[in-house]
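*Asks:* Structure below; questions to follow.
Numbering (the working numbering), first residue to last: 13 to 367.
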């Protein structure tokens with residue numbers, strides 16, 4: 013396990029470069045993001061450990077980041093002052109572009125993985141905005157009418173995107189549809205609706221809605237999205253059966269789940285980071301086939317559903333874990349995590365599985 017200290021700055025988000033297996037970036041904030049500056053770290057994984065190749069200081073907290081999918085040296089940051097900044101690691105310490113249309117904190121940014129020419133942002137102001145880095149203003153604004161903690165483009169389509177918000181809804185937008193009154197909204201799924209009862213499986217109890225903080229698209233199954241948040245439970249939904257409720261429910265975290273991310277190597281495996289100071293690796297049960305039910309899941313837990321279960325956990329952080337990301341390259345299983353303990357850890361998920 014490798015470690016780097018973000019001295020004086022608490023981590024909020026960590027991402028691997030889509031171009032280099034030895035480069036990661038971390039968005040951090042002073043004073044836990046409540047007030048003060050932010051810092052974007054560009055870290056290199058070397059034979060001598062993790063080293064800071066460069067960093068950029070900002071006037072406000074940083075909550076998220078995204079590497080460009082079209083330029084190996086550029087990356088975005090999401091800031092507490094409502095701004096989005098684009099940095100180039102080969103140029104000066106100042107951003108090469110800045111946008112400021114959001115009225116409140118920007119909590120997520122995401123580059124279009126398929127189209128590669130645009131990116132999005134989501135904010136506490138209840139909107140998602142789509143941007144072209146060549147333009148000084150946004151292309152499209154999508155209202156969610158709720159504090160939107162996470163938004164992403166689909167990894168399968170350049171025109172489809174999704175979000176989760178404080179109103180406990182998963183929303184899916186398709187930019188190919190007419191804007192009209194729906195503003196490209198094609199699905200709005202209440203996250204806390206219990207799954208429909210299936211033969212041989214006890215019905216799951218209903219849970220009061222709570223804020224959804226994170227979500228991620230499955231990289232292999234183009235209609236599956238995992239969602240998690242304040243209620244500590246990870247759920248996965250199949251958009252083809254949106255009205256049926258979640259297809260898998262994975263309980264286990266002791267506090268809010270801050271980040272979920274599907275494996276880029278295995279279709280049924282995902283990672284989570286939580287305020288309970290752990291990162292956990294899960295299977296959603298899909299690799300076992302349909303109909304395995306709770307027998308393959310967490311025995312005795314009435315919340316478990318879909319045959320999924322926890323495969324292992326990493327508990328080396330000593331404060332809230334706020335970010336985790338998979339490495340796209342090399343042997344499957346390498347990842348990086350960051351947290352409020354001012355530590356970035358690089359570790360092998362395979363070493364935690366089965367513990």
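Ideal Cβ placement from N, Cα and C applies to all residues, glycine included. If you're wondering where the values come from, they're calculated on a predicted model, not measured in any experiment.
#1: Quick check on residue 14: buried or exposed, where buried means 16 or more other Cβ atoms within 10 Å of its Cβ?
#2: For the beta strand (DSSP E) that residue 202 lies in, which residues bound it at each end?
#3: CB-CB under 6 angstroms to residue 57, same chain, minus the five flanking residues each way: which ones, in chain order?
#4: Per DSSP, what kind of secondary structure is residue 45 in: helix, strand or coil?
#5: Nearest to residue 318 by alpha carbon, out of 108, 297 and 327?
#6: What is the C-beta distance between residue 109 and residue 145, in whole angstroms, given that I count them as a contact (C-beta under 8 angstroms)?
#7: For residue 253, count neighbouring C-beta atoms within 10 Å of its own C-beta (all shown protein chains included) and say buried if the count is 16 or more, exposed if not.
#8: Is residue 114 near residue 91, with beta carbons less than 7 angstroms apart?
#9: May I have the straight-line CA-CA distance separating residue 20 from residue 354, to the nearest angstrom?
#10: For my contact list, residue 222 and residue 180 are in at a C-beta cut-off of 8 angstroms; report their separation, rounded to the angstrom.
#11: Determine the DSSP secondary structure at residue 289, reduced to helix, strand or coil.
#12: Consult DSSP for residue 283 and reduce its assignment to one of helix, strand or coil.
#13: Assuming contact is defined by CB atoms lying nearer than 7 angstroms, are residue 198 and residue 177 in contact in what I supplied?
#14: Name the one or two DSSP bridge partners that residue 383 has.
#15: Please classify residue 309: does DSSP put it in a helix, a strand, or coil?
#16: Identify every residue that forms a DSSP beta bridge with residue 27.
#17: Which residue comes first and which comes last in the beta strand (DSSP E) that contains residue 326?
#18: With DSSP collapsed to three states, give me the class of residue 56.
#19: Please state whether DSSP places residue 361 in a helix, a strand or coil.
*Replies:* The structure says:
#1: Under a 10 Å Cβ-count criterion, residue 14 is classified as exposed, with fewer than 16 other Cβ atoms of the shown protein chains found around its own Cβ.
#2: 197-202
#3: 34
#4: helix
#5: Selected option, being the one with the closest Cα: 297.
#6: For residue 109 against residue 145, the beta-carbon gap comes to about 6 angstroms, under 8 angstroms, which counts as contact.
#7: exposed
#8: When the beta-carbon positions are compared, residue 114 and residue 91 stay at least 7 angstroms from each other.
#9: Those two C-alpha atoms are separated by around 7 angstroms.
#10: About 6 angstroms separates the two Cβ atoms, so the contact holds.
#11: coil
#12: strand
#13: no
#14: This structure leaves residue 383 out entirely; the chain is present only between 13 and 367.
#15: Low local confidence applies: a pLDDT of 42 at residue 309 is under 50, so the model's placement there is unreliable, with the coordinate-based value given in what follows. Coil at residue 309, not helix or strand.
#16: 37
#17: Following the DSSP letters along the chain, one finds residue 326 inside the beta strand (DSSP E) bounded by residues 321-326.
#18: strand
#19: helix
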